[in-house]
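**Q** Sharing a structure here in structure tokens format.
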Amino acid sequence: MWQETYQYFSQMAVLEIIAVITAMAYVILAAREHILCWPAALISTLLYTIIFYDVYLWMDSALQVYYFAMAIYGFYCWRRVGANGDALADNKEQTNSIIHQQPLIKHCKALLVLALTSIAVGYFMANNTPTTFPYVDAATTVFAVYATYLVTQKVLENWLYWIVIDLVSIYIYIEKGLTPTAMLFVVYVVVAVVGYFTWREKLKQSVNSENHNQQNHTPQSHSENGAIETSVRSDKSAFANQNPKKAQLRG
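Numbering (UniProt numbering), first residue to last: 1 to 251.
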């Protein structure tokens with residue numbers, strides 16, 4: 001019996017370590033806008049579905065199923081859209097989809113809906129399942145669903161959501177004895193902070209580049225128009241010199 005128990009926990013520990021490594025690869029690659037973050041997410045979410053279910057974190061386990069689907073969707077979105085909105089060819093290095101900000105009012109509406117949903121889901125879990133920390137587990141799950149969607153759309157503020165979610169998750173995993181996962185989420189917090197400032201800097205560069213292109217485009221258009229007008233006038237002058245009578249009649 002003791003040997004079987006030891007083997008079981010040894011297997012779970014190995015799964016958790018692999019899940020931690022692939023999950024860490026995901027968040028680091030995501031912060032760098034590397035498209036391979038999504039294949040790493042596929043592996044980690046599959047493993048964590050099993051791990052969380054085993055320790056009665058059922059909402060977290062269900063969340064991993066959602067993560068798995070969003071990893072496929074995120075890979076499609078990042079591969080399809082380029083920096084200028086163009087379709088990408090086979091880009092094995094990284095994607096350059098446009099990072100953007102979401103209006104504050106939209107975040108406020110989302111926060112209200114997410115908070116109410118968390119309370120409702122937490123109440124159901126508390127009264128119908130043996131889930132540990134039903135309300136906290138529900139809140140981290142509900143907010144993570146929305147934050148993951150923001151990542152696929154490259155909304156800058158997704159990192160702010162993740163900072164809060166990861167901090168709360170650290171407490172949950174320590175209480176459940178998932179020490180490697182708790183340590184992973186400490187790294188998540190650091191990477192989320194770095195990811196936010198990295199994306200914000202890229203957003204500034206994108207905006208500055210766009211403004212620069214617009215400023216250069218207008219003078220170039222005037223220059224081209226001036227060249228055309230000069231060419232037309234030269235042609236008319238040459239025609240007048242060659243055909244003085246016709247020129248006088250038109251005059």
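Ideal Cβ positions, reconstructed from N, Cα and C, are used throughout, including at glycine.
(1) Cβ of E16 within 8 Å of Cβ of L178?
(2) Could you tell me the alpha carbon to alpha carbon distance between W199 and A71, rounded to whole angstroms?
(3) Near A120, what residues of its chain come up, given a Cβ to Cβ distance below 6 Å and the 5 sequence neighbours on each side ignored?
(4) Evaluate the contact criterion for the region 38-52 versus the region 164-173: three or more CB pairs, one atom per stretch, below 8 Å.
(5) Determine the burial state of C108: buried for a count of at least 16 other Cβ atoms within 10 Å of its Cβ, exposed for fewer.
(6) Within 7 Å: the Cβ of I98 and any heavy atom of the ligand NAP?
(7) Looking only at its chain, what residues have a beta carbon closer than 6 Å to the beta carbon of W162, apart from the 5 residues adjacent to it on each side?
(8) Helix, strand or coil: which one does DSSP assign to V151?
(9) Please return the same chain residues whose Cβ sits closer than 6 Å to the Cβ of N158, not counting the five positions on each side in sequence.
(10) Here's the rule I'm using: 16 or more other beta-carbon atoms within 10 Å means buried, otherwise exposed. How should L134 be labelled?
(11) Comparing C-alpha positions only, which one of L57, A19 and D54 sits nearest to P39?
(12) What's the gap between the Cα of I51 and the Cα of H212?
(13) Closest to I35 by CA distance: which of A144, R79, A23 and L42 is it?
**A** In brief:
(1) yes
(2) Between W199 and A71, the C-alpha separation is close to 19 Å.
(3) Correct list: empty, nothing qualifies.
(4) no
(5) exposed
(6) The ligand NAP is not part of this structure, which contains no ligands at all.
(7) Taken in chain order, the residues that qualify are A147 and A192.
(8) helix
(9) A147, L150 and V151
(10) Inspection of the sequence shows that residue 134 is occupied by Pro rather than by Leu. It counts as buried.
(11) A19
(12) 50 Å
(13) Distances from the CA of I35 to each of A144, R79, A23 and L42 were compared; the closest alpha carbon is that of R79.
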